[in-house]
Each structure stands twice: as C-alpha cells, then as structure tokens.
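Order-wise, the sequence lines are chains A and B.
The opening position of the first sequence corresponds to residue 0 in numbering that gives the first Met the number 0, with each subsequent residue numbered one higher.
The opening position of the second sequence corresponds to residue 0 in numbering that gives the first Met the number 0, with each subsequent residue numbered one higher.
Following: one structure in structure tokens, then a few remarks.
There are 2 protein chains.
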Amino acid sequence: MSSSAGGDATTRERILDAARAEVAERGASLTLGHVAARARVSRQAVYLHFGDRTGLLLALVRRMDEQLQLGPSLEHVMAAQNGLELIRRTMELHARFNAGIDAVAQMLEGAQYHDEALGQAWRDRLTFRHGVHRRLVDRLAAMGELADHWSAERASDVFHALTLPGPWRELTRECGLSQERYVKDMTLVISRALLR
Amino acid sequence: MSSSAGGDATTRERILDAARAEVAERGASLTLGHVAARARVSRQAVYLHFGDRTGLLLALVRRMDEQLQLGPSLEHVMAAQNGLELIRRTMELHARFNAGIDAVAQMLEGAQYHDEALGQAWRDRLTFRHGVHRRLVDRLAAMGELADHWSAERASDVFHALTLPGPWRELTRECGLSQERYVKDMTLVISRALLR
DNA sequence: GCGCTACTTGACACGCTGTAAACCTCCGGG
DNA sequence: CCCGGAGGTTTACAGCGTGTCAAGTAGCGC
Numbered sequence: 000m001s002s003s004a005g006g007d008a009t010t011r012e013r014i015l016d017a018a019r020a021e022v023a024e025r026g027a028s029l030t031l032g033h034v035a036a037r038a039r040v041s042r043q044a045v046y047l048h049f050g051d052r053t054g055l056l057l058a059l060v061r062r063m064d065e066q067l068q069l070g071p072s073l074e075h076v077m078a079a080q081n082g083l084e085l086i087r088r089t090m091e092l093h094a095r096f097n098a099g100i101d102a103v104a105q106m107l108e109g110a111q112y113h114d115e116a117l118g119q120a121w122r123d124r125l126t127f128r129h130g131v132h133r134r135l136v137d138r139l140a141a142m143g144e145l146a147d148h149w150s151a152e153r154a155s156d157v158f159h160a161l162t163l164p165g166p167w168r169e170l171t172r173e174c175g176l177s178q179e180r181y182v183k184d185m186t187l188v189i190s191r192a193l194l195r
Numbered sequence: 000m001s002s003s004a005g006g007d008a009t010t011r012e013r014i015l016d017a018a019r020a021e022v023a024e025r026g027a028s029l030t031l032g033h034v035a036a037r038a039r040v041s042r043q044a045v046y047l048h049f050g051d052r053t054g055l056l057l058a059l060v061r062r063m064d065e066q067l068q069l070g071p072s073l074e075h076v077m078a079a080q081n082g083l084e085l086i087r088r089t090m091e092l093h094a095r096f097n098a099g100i101d102a103v104a105q106m107l108e109g110a111q112y113h114d115e116a117l118g119q120a121w122r123d124r125l126t127f128r129h130g131v132h133r134r135l136v137d138r139l140a141a142m143g144e145l146a147d148h149w150s151a152e153r154a155s156d157v158f159h160a161l162t163l164p165g166p167w168r169e170l171t172r173e174c175g176l177s178q179e180r181y182v183k184d185m186t187l188v189i190s191r192a193l194l195r
C-alpha cells in the first residue's frame, strides 16, 4: 500500500513516495530539496526522518524490499517440475522484478562507488541474489539436470551474472526486446548453458 | 596534436593522465581540484583546456579510444576459422579490454543519467560495440554455424548484452573468477547459445 | 494551561563547479 | 630592444547542494 493518494499517509511515507518518484525521474542526481518539495514538507523534515541523503536512499531501498514480497514468487519458481521450467520461471521473475526496481537499482549502482553505505546495500542485495541462484542451481543438480562441466558454484556465478539488471536493461530498453522476448531468449541461453 | 607525437608531456596530457588516475581511484566522484593538483597545474588550467568537467571526461574517453587500437585485435578475432574459435577470441578480447577500460566505463555508466553528453558518449560506444557483435554474428551465419532459432539481429543483441562490462565485473571482481575462467566459462555459454 | 512531538523557518558553514579579471612569463618578430 | 600573444597562475565570487543549528509554531493528550 504505497499510497500516493493525498491525505493521511504519514510524513515519512510521503517523503519516501516522493523520493521514489524523484529517483524515477532524475536518477541518482535527485536533490533533497526536490524530494521535500514533492512531498510538501520542508527540507529539514527529510533530515529529521532520515538523518541524511544516504539514510533516505537506504530507507527507500529497504521499503522496496518489503513491498516486493519476493518469497511467494521464489516458491513458485522452486516448485518447477523440470530444469527448463525452473529457468523459464526464473527469467519471468527477473523480467517482472527488474521492471519494478530498475530505477532504484540504477541509482544504487551509480552511487556505490562514492557512498560506502549505498555500495554495501547494493552489494548485500547482489549477495542475496547470488545465493538465490545458487539454490536454483542446486535444485537443477538435485534433479540431475545440471550439465557435467559446471560446478554448482560456477554455474550459479554465471546464472547470477548474466541475469543482472544491466543486461536486462540493455536488451529491453536499448535493443528493444519485449519482456516476453527477453524471457524467451534468455531462457534459451541459460538452459543451453546450464542443462545437460 | 594530442597524444601520439613525441615524448614531451604537454600540460594537456598531464591533466588527462591525472584524470585517468583520479577516475581509477575515486570513480565518478573525482573533483577538478584533485585532478589539477595531481597534474600540478591550477584548477583553471583544466577549464582553459577542456571547458568544463564534462569536456575533460569526454577528452579522457576519446584518448582511451585512440590508445586502445582496437582494429588489429578485431581483425584477429574475425580471422578465426570456426565459430567456437571466433567466440573464444571475442571473449579473450573482452576480458583484456574490460580490464583496461573498466574504471572509465564504470564512471561513464554512473554519469550517463545526469550528464547528457557523457550519456551520449557511453551510448555511442555501446552502439559501436553492438555493431561489432552484429558483424561477428554475421560471420557465424556465413560460416553456417549460427543456430537456426536465432535471427542475426537477436543473436547479436544477446551476444552484446551478455558480454557487457557489468557481468564481466561481477564475475571477475565479485565472484572471484580469473580472466582465464571468465573466458572459458563465457565461451562455453555463448557458444552453446549461438552455435548449432 | 503544560508539555510533548512533529514540523517549519531562516541562517549558516562547507565543498564543488564554473566564470571573471588581473597578472606573470617565456618566446618570437619587427 | 621593445611588443605582443600564448599559456598559465592567482584571487575572487556567484550558484547550488548538503548538512547543522536555533528558534518558533501547531496540534494533542493530560
């Protein structure tokens, strides 16, 4: 329930909604002044709630984590009955997920090298993401479908790296692939790479 | 005029060298003050030579283009006698190339959304890069080795997107793969994806 | 009414960018 | 020998964004 509808949302929520919108529009170069103006609070209110710019962005990232409810989607992926289907579901999840978080992800990626805390936040998410792919690969192995030439570790490295937001962004935003095409083509690439 | 001729380090060259070093150390958050100090010139000298911050970074990018001498390497890749070898050589080139340009590439990627000119510079390079992969795929097709399910366009999209600096960075810097492993694993992935 | 919380207003120090003006210094030419 | 320009330096300043501070105010429970 990220209300963007007027009245009785808390100030904190209004600021976060404004920050989300500003990130979407201006990317990493948002200013606290603009965020505050959009939320119709004073710039100082932002400092009172979040300490500093970094604190605001971290809170934004954390709220998106909560809102995304990744758990059920992951269970659905894991419930796939064969390797190809597991990979297809994974790519569907990536396509949907990436579309939702891309603006924030881009901001985090850009900020990671001059803001230690944001860098850590991004790294944490990548580590989690890597872990998920490791579990997926383990499942493939348990089903006896992982190709012999891969260790589980290396396969998860590749699975993780090739499905990052970067390639998704390039394919869908610049090369003009639809989400469906992304899912289809990447499913093909990954399944040919990882499966027997 | 700029780089190639004799050995006397012009002020302009000293500034560019300093900028390159600063980018390597501080990424996108370099300041003109630091660049100038490192080059042992006044901050204003930087403005006299390059106009503004963006101008300096564009000049840096252009100089790296010139220094990299991509042509011969590309010819070597194109001279491969079969599809697998062509892909292997491509991945070797990427591994070497990425290691050299990564700091600057990262800076450009990060800057692209709040600096139109830098964004354009990055986009130009990606477009060129995409074109190269298109030619590689055409070569694969001419050799009769491109798998049937790919159109040349789509195959080049995927080839291009999966070999971007982002995945390379993740695999070699975060997952700890050596350059050799990167080449080996990615050659496997791409060849299984694209070849018959 | 009291006091607390939440927020506002206005001011300020700091760092970085970008511009401006005055000066300095070497070097070549009339 | 003096002139002038090219290339650089120094100092100053405006603009903007961050982060901090202090004082003030509106609403609310008690």
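All residues carry an ideal CB built from backbone N, CA and C; glycine is no exception.
Chain-ordered chain A contacts of residue i [CB-CB under 8 Å]
i: ALA192 (chain B); result: LEU187, VAL188, ARG191 and ALA192
i: HIS148 (chain B); result: LEU187
i: GLU21 (chain B); result: In chain order: nothing, as chain A lies at least about 12 Å away.
i: GLN105 (chain B); result: TYR112
i: ALA38 (chain B); result: Near ALA38 (chain B) there are no residues of chain A at all, since even the closest Cβ is about 21 Å away, more than 8 Å.
Chain A contact residues for residue i, given Cβ-Cβ distances below 7 Å
i: VAL157 (chain B); result: ASP184 and VAL188
i: ALA163 (chain B); result: Inspection of the sequence shows that residue 163 (chain B) is occupied by Leu rather than by Ala. Simply GLY165, PRO166 and GLU169.
i: LEU15 (chain B); result: None at all; the shortest Cβ gap to chain A is about 21 Å.
i: VAL176 (chain B); result: It should be pointed out that residue 176 (chain B) corresponds to Leu in this sequence rather than to Val. Within 7 Å Cβ-Cβ: ASP156.
Cut-off 7 Å between Cβ atoms - residues of its own chain near residue i, not counting five sequence neighbours on either side
i: THR53 (chain A); result: ASP114, ALA116 and LEU117
i: ALA146 (chain A); result: LEU193, LEU194 and ARG195
i: THR171 (chain A); result: GLN178 and TYR181
i: MET77 (chain A); result: ARG138
Reduced DSSP category for residue i - H, G, I as helix; E, B as strand; rest coil
i: LEU194 (chain B); result: strand
i: LEU67 (chain A); result: helix
i: ILE189 (chain B); result: helix
i: LEU176 (chain A); result: coil
i: ALA18 (chain A); result: helix
i: LEU163 (chain B); result: coil
i: ARG39 (chain B); result: coil
i: TYR112 (chain B); result: coil
Distance CB(residue i)-CB(residue j) smaller than 9 Å
i: THR186 (chain A); j: LEU83 (chain A); result: yes
i: LEU47 (chain B); j: LEU15 (chain B); result: no
i: GLY99 (chain A); j: LEU57 (chain A); result: no
i: ASP101 (chain A); j: ARG168 (chain A); result: yes
i: HIS148 (chain B); j: CYS174 (chain A); result: no
i: VAL45 (chain A); j: ALA35 (chain A); result: yes
i: ARG124 (chain A); j: GLN178 (chain A); result: no
i: VAL188 (chain B); j: LEU161 (chain A); result: yes
i: ALA17 (chain B); j: ALA110 (chain B); result: no
Proximal chain A residues relative to residue i, where beta-carbon distance stays under 9 Å
i: SER28 (chain B); result: TYR112, HIS113 and ASP114
i: ALA8 (chain B); result: Neighbours of ALA8 (chain B) on chain A: none; closest Cβ ~28 Å, over 9 Å.
DSSP beta-bridge partners of residue i
i: LEU31 (chain B); result: Its beta-bridge partners do not exist; DSSP assigns none.
i: LEU145 (chain B); result: B:LEU194
Beta-carbon neighbours of residue i, restricted to chain B and to distances below 7 Å
i: ARG153 (chain A); result: ASP184
Proximal residues to residue i (C-beta, below 6 Å), its chain only, five neighbours per side dropped
i: ALA141 (chain A); result: none
i: SER190 (chain B); result: LEU83 and ILE86
i: ALA104 (chain A); result: PRO164
Beta-carbon neighbours of residue i, restricted to chain B and to distances below 9 Å
i: GLY109 (chain A); result: ALA27, GLU108, GLY109, ALA110, GLN111, TYR112 and HIS113
Closer than 8 Å at the beta carbon, the chain B residues around residue i
i: LEU125 (chain A); result: GLU169 and GLU173
Close-in-space but distant-in-sequence residues of the same chain around residue i (CB under 8 Å, 5 per side omitted)
i: ALA151 (chain A); result: ARG133, VAL136, ASP137, ALA140 and LEU145
i: VAL40 (chain A); result: THR10, ARG13 and ILE14
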